[in-house]
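Each remark here refers to the structure printed beneath this line.
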Amino acid sequence: MRMHGGDVAIVGAAESEEIGVLPGVSMIELHAGAARRALEDAGLTAADVDGVATAGPLTMEVSHHLGITPRWLDGTMVGGCSFMLHVRHAAAAIAAGAAEVVLITHGESGRSRVGVPQYGMNPSSPQGQFEMPYGAVLPYATFTLPALRFLHERGMGGEDLAQVVVAQREWAAKNPRAMRRDIVTVDEVLAAPLIAYPFTKDMCCVVTDGGGALVLTSAERAAGLPSGERAVYLLGSGESAEGTMVSQMEDPGSSLAFRRSSAQAFATAGVSRADVGHLMCYDAFAHVPLYMLEDLGFVGRGESGAFVADGHTRPGGRLPMNTNGGGLSYTHTGMYGMFAIQESVRQLRGEAAAQVPDVEIGFVQGVGMFFAASGSLVLSARRP
1 MRMHGGDVAI
11 VGAAESEEIG
21 VLPGVSMIEL
31 HAGAARRALE
41 DAGLTAADVD
51 GVATAGPLTM
61 EVSHHLGITP
71 RWLDGTMVGG
81 CSFMLHVRHA
91 AAAIAAGAAE
101 VVLITHGESG
111 RSRVGVPQYG
121 MNPSSPQGQF
131 EMPYGAVLPY
141 ATFTLPALRF
151 LHERGMGGED
161 LAQVVVAQRE
171 WAAKNPRAMR
181 RDIVTVDEVL
191 AAPLIAYPFT
201 KDMCCVVTDG
211 GGALVLTSAE
221 RAAGLPSGER
231 AVYLLGSGES
241 AEGTMVSQME
251 DPGSSLAFRR
261 SSAQAFATAG
271 VSRADVGHLM
281 CYDAFAHVPL
291 YMLEDLGFVG
301 RGESGAFVAD
311 GHTRPGGRLP
321 MNTNGGGLSY
331 THTGMYGMFA
341 IQESVRQLRG
351 EAAAQVPDVE
361 IGFVQGVGMF
371 FAASGSLVLS
381 ARRP
């Protein structure tokens, strides 16, 4: 058995019953609620699970809460793309026989802060010493420098960021669970309150509570499950990391980690960019999908802004992107990667709120801790 090429399948996928503002639900129960729903979706129970992965709480906090005694654990924590890496690691574990059924969970009370440790940064860390003293603490401040570098080098501006928001809001308007659903114009996005130049409010992600979970097993076992006909197969994957500080990026206008992990995902999947019918790009802020379109090779350098403005990522476009509304409009609990994977699975199953016709191959690209880490997945509706 291989970890790629369709030998490992996602057989269960579900989000928490509600997402948004949930002051009555703790972080651990967001994990548990999503896990129960994903297992039900798969036609399995907690007793079938022998592998557990999560980011945030300790893995054994989640497994114990669910009554699972795992023989394989993964607590990889690299920020918001941790869940892409969990899928990759789970596939390797299943292929190696280290686990048969892996449950990957996410839950975050990002808005209500119920059961969540207080946010803080170690002042003796590299960031604490060399970035925090200059005010680079929270994402909307830390992301401004690379965003401005990206725009300047390409002759682009705030309008290009606004076009990303406008395009994704068209998808969100079709999604009843999306936090922001009102159609907006470029002028309205630019006129919104300024958060940190060049980001206006709508260029920054929503802040929500929610959870999600995935269940993975071998394609052979998937075939005998009630969810077998809805299984989604892992064709390829990649992971990489550059460093924890934005100020130390090789090139602030391009992510080395994005380039490397996506190249690895395409190589292991054996597909080309032209084969991809649906794209999920982690979008904590409006500039990140522009980086990803270029760094993943879907467009050339400097072409991302025009690509979005010309409607190619919108409903009816040739590369539908962030079809749930993304982190900018759908949900963003703090670590968005799980929700990007969930939407890719829904699209490949034909179950999305804003369904793209005839999706066969999806690409999911994540980012963690600003531009520090990267995770890439190529998923398929059919086993090759």
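Residues 1 to 384 in the UniProt record's numbering are what the sequence shown spells out, letter by letter. Every residue, glycine too, gets a C-beta built ideally from N, C-alpha and C.
Looking at residue i: is its Cβ nearer than 8 Å to the Cβ of residue j?
{"i": "Leu379", "j": "Tyr233", "result": "yes"}
{"i": "Val62", "j": "Val101", "result": "no"}
{"i": "Ser374", "j": "Cys81", "result": "yes"}
{"i": "Met338", "j": "His106", "result": "yes"}
{"i": "Ala162", "j": "Val189", "result": "yes"}
{"i": "Leu214", "j": "Ile361", "result": "no"}
{"i": "Met321", "j": "Leu279", "result": "yes"}
{"i": "Arg2", "j": "Glu239", "result": "no"}
{"i": "Val308", "j": "Val164", "result": "yes"}
{"i": "Leu66", "j": "Ala46", "result": "yes"}
{"i": "Phe285", "j": "Phe199", "result": "yes"}
{"i": "Ser16", "j": "Gly211", "result": "yes"}
{"i": "Asp209", "j": "Ser112", "result": "yes"}
{"i": "residue 400", "j": "Tyr140", "result": "No statement about residue 400 is possible, as the shown extent of the chain runs from 1 to 384 and does not include it."}
{"i": "Ala192", "j": "Asp202", "result": "yes"}
{"i": "Val246", "j": "Thr142", "result": "yes"}
{"i": "Val137", "j": "Val166", "result": "no"}
{"i": "Met249", "j": "Val114", "result": "no"}
{"i": "Pro315", "j": "Glu170", "result": "yes"}
Grab the span of the beta strand (DSSP E) containing residue i for me, first residue to last.
{"i": "Glu303", "result": "Element bounds for Glu303: n/a, residue is neither H nor E."}
{"i": "residue 386", "result": "Since the first residue shown for the chain is 1 and the last is 384, residue 386 is missing from the structure and cannot be characterised."}
{"i": "Val215", "result": "Asp209 to Ser218"}
{"i": "Glu15", "result": "Val8 to Glu15"}
{"i": "Gly128", "result": "No beta strand (DSSP E) contains Gly128, which is instead part of the alpha helix (DSSP H) from Pro126 to Phe130."}
Give the secondary structure of residue i by DSSP, where H, G and I count as helix, E and B as strand, and everything else as coil.
{"i": "His278", "result": "strand"}
{"i": "Met77", "result": "coil"}
{"i": "Thr59", "result": "helix"}
{"i": "Gly236", "result": "strand"}
{"i": "Ala196", "result": "strand"}
{"i": "Gly24", "result": "coil"}
{"i": "Gly224", "result": "coil"}
{"i": "residue 421", "result": "Nothing can be reported for residue 421, as the shown portion of the chain is limited to 1 through 384."}
Terminal residues of the continuous alpha helix (DSSP H) containing residue i?
{"i": "Asp74", "result": "Run containing Asp74: none in the alpha helix (DSSP H); it sits in the beta strand (DSSP E), Trp72 to Asp74."}
{"i": "residue 389", "result": "Residue coverage of the chain in this structure runs from 1 to 384, which leaves residue 389 outside it and unanswerable."}
{"i": "Ala162", "result": "Gly158 to Ala172"}
{"i": "Ala34", "result": "Met27 to Ala42"}
{"i": "Val116", "result": "Per DSSP, Val116 belongs to no alpha helix (DSSP H) and is neither H nor E."}
{"i": "Val189", "result": "Val186 to Ala191"}
{"i": "Thr54", "result": "Run containing Thr54: none in the alpha helix (DSSP H); it sits in the beta strand (DSSP E), Gly51 to Thr54."}
{"i": "Thr142", "result": "Pro139 to Thr142"}
ask   = Is the segment 348-367 close to the segment 95-113, with three or more CB pairs under 8 Å?
value = no
ask   = Would you call the segment 222-236 and the segment 36-56 touching, i.e. three or more CB-CB distances under 8 Å?
value = yes
request  = Could you tell me which uninterrupted alpha helix (DSSP H) segments, each at least 4 residues in length, are contained entirely in the UniProt domain "Thiolase C-terminal" (238-380), listed from first to last along the chain?
outcome  = 256-269, 288-295, 304-309, 326-329 and 337-349
key: Touching by the beta-carbon criterion (3+ pairs, under 8 Å), the segment 290-304 and the segment 149-159   = yes
key: the segment 66-83 touching the segment 129-136, judged by at least three CB pairs closer than 8 Å   = no
query = Are the segment 184-199 and the segment 263-271 touching by the rule of at least three beta carbon pairs closer than 8 Å?
reply = no
message = Count Cβ pairs between the segment 172-185 and the segment 313-330 that sit closer than 8 Å; are there 3 or more?
response = yes
ask   = Taking contact to mean at least 3 C-beta pairs separated by less than 8 Å, is the segment 243-259 in contact with the segment 141-150?
value = yes
message = When you compare the segment 52-72 with the segment 26-36, are there three or more beta-carbon pairs, one atom per stretch, that lie closer than 8 Å?
response = yes
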